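Residue numbers (this note's numbering): 4 to 260. Backbone N, C-alpha and C fix where the C-beta goes; we use that ideal spot for every residue, glycine too. Being a predicted model, the structure only gives us computed values, none of them experimental.
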Ligand SMILES: [Zn+2]
């Protein structure tokens, strides 16, 4: 920028840029590379611009140069409650942040592009970095080389849960984003099921001792799933011939040993 101003003899422009943007104290506030350990996931100062735009256009359209106390009042009583509501929607999954849609679109576009097997760029999907020029300017930290490296195995969860982050890997690739990852079987599920059944038995026996028939009738339907499982497995164990296809199984017997 300095060289550009020098070349075109733009003394005043450089004066402005230096004072408001480029000298170290203010440069730290906006530069993406201001910290050696972390990179800002936002590419431009657009986010701040848009924050002010929303206040001006949505909340204060009728006021030109409003008083500061009015602006503060609007921010506290209108803007913050609105943002809190949106945050709740994002956290509960009722709404997706708008960048996810753009991200998916961008990803799909890049995945259609052929990437040569031998490129001169350093592409590292572990740390999620690439040395190609497109990667440097992309707002989502993606480029065709990275996308092509992993796209085959991407699961549908990926687009719902993926996060950009300021440290390596710049795109957090969780194990469950890949389709072919085998889950480590955990026997904890047995503990949970056994505990529930034990407690249920205790409750039923307690009500039996009190001869609480009304209670038994009203919860009878809740046992239906368990009853069916027991019935199916008893039938399966007493069968004469082995099922020939998976169609003869149901979910109660298919994995039963
Ligand atoms: Zn690249």
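Asked                                                                                                                                                                       : Found
With DSSP as the reference, please indicate the residues paired to residue 167 in a beta bridge.                                                                            : 174
Compute the minimum distance between the beta carbon of residue 143 and the heavy atoms of ligand 1, and state whether it is under 6 Å.                                     : no
Tell me the DSSP secondary structure of residue 127 in three-state form.                                                                                                    : strand
Whose CB is closer than 5 Å to a heavy atom of ligand 1? List the residues in chain order.                                                                                  : 133, 135, 138, 146, 148
For residue 184, name the three-state secondary structure that DSSP assigns.                                                                                                : In this prediction, residue 184 scores a pLDDT of 49, lower than 50, which makes its location untrustworthy; the coordinate-derived value is nonetheless stated afterwards. In the structure shown, residue 184 sits in coil (DSSP, three-state: anything other than H, G, I, E or B).
Please report the distance separating the alpha-carbon of residue 42 from that of residue 150.                                                                              : 20 Å
Using a Cβ-Cβ cut-off of 8 Å (strictly less than) and excluding sequence neighbours within five positions of residue 236, which residues of its own chain qualify?          : 255, 256, 259
In angstroms with no decimal places, state the Cα-to-Cα distance between residue 164 and residue 201.                                                                       : 37 Å
Under 8 Å by Cβ, that's how I've got residue 148 and residue 124 pegged, so tell me the actual separation to the nearest angstrom.                                          : 6 Å
Work out the CA separation of residue 153 and residue 228 for me, nearest whole Å.                                                                                          : 41 Å
Need the endpoints of the alpha helix (DSSP H) that residue 238 sits in, please.                                                                                            : 227-240
Just reading off the alpha helix (DSSP H) that residue 215 is part of, what are its end residues?                                                                           : Run containing residue 215: none; DSSP gives neither H nor E here.
Decide if residue 91 is buried, meaning its Cβ has at least 16 other Cβ atoms within 10 Å, or exposed.                                                                      : exposed
Just to confirm my understanding: we take residue 210, look at its own chain, exclude 5 residues before and 5 after, and list those with CB closer than 6 Å. What are they? : 218
DSSP puts residue 133 in a beta bridge; with which residues?                                                                                                                : 126
Report yes if the C-beta distance between residue 106 and residue 143 is below 7 Å; otherwise report no.                                                                    : yes
Would you mind reading off the limits of the alpha helix (DSSP H) that contains residue 30?                                                                                 : 27-33
Name the residue from 35, 72, 160 whose alpha carbon lies nearest to the alpha carbon of residue 47.                                                                        : 35
When we look at the beta-carbon of residue 193 and count the other beta-carbons within 10 Å, is it buried (16 or more) or exposed?                                          : exposed
Figure out for me which residue from 145, 89, 71 has the closest Cα to the Cα of residue 110.                                                                               : 145
With DSSP run on the structure shown, which of helix, strand or coil describes residue 83?                                                                                  : helix
Thinking residue 171 and residue 130 are a contact (beta carbons under 8 Å), I'd like their distance in whole angstroms, please.                                            : 4 Å
Starting from residue 105, trace the alpha helix (DSSP H) in both directions and tell me its first and last residue.                                                        : 101-115
Using only the alpha-carbon positions, how far apart do residue 114 and residue 84 sit?                                                                                     : 39 Å
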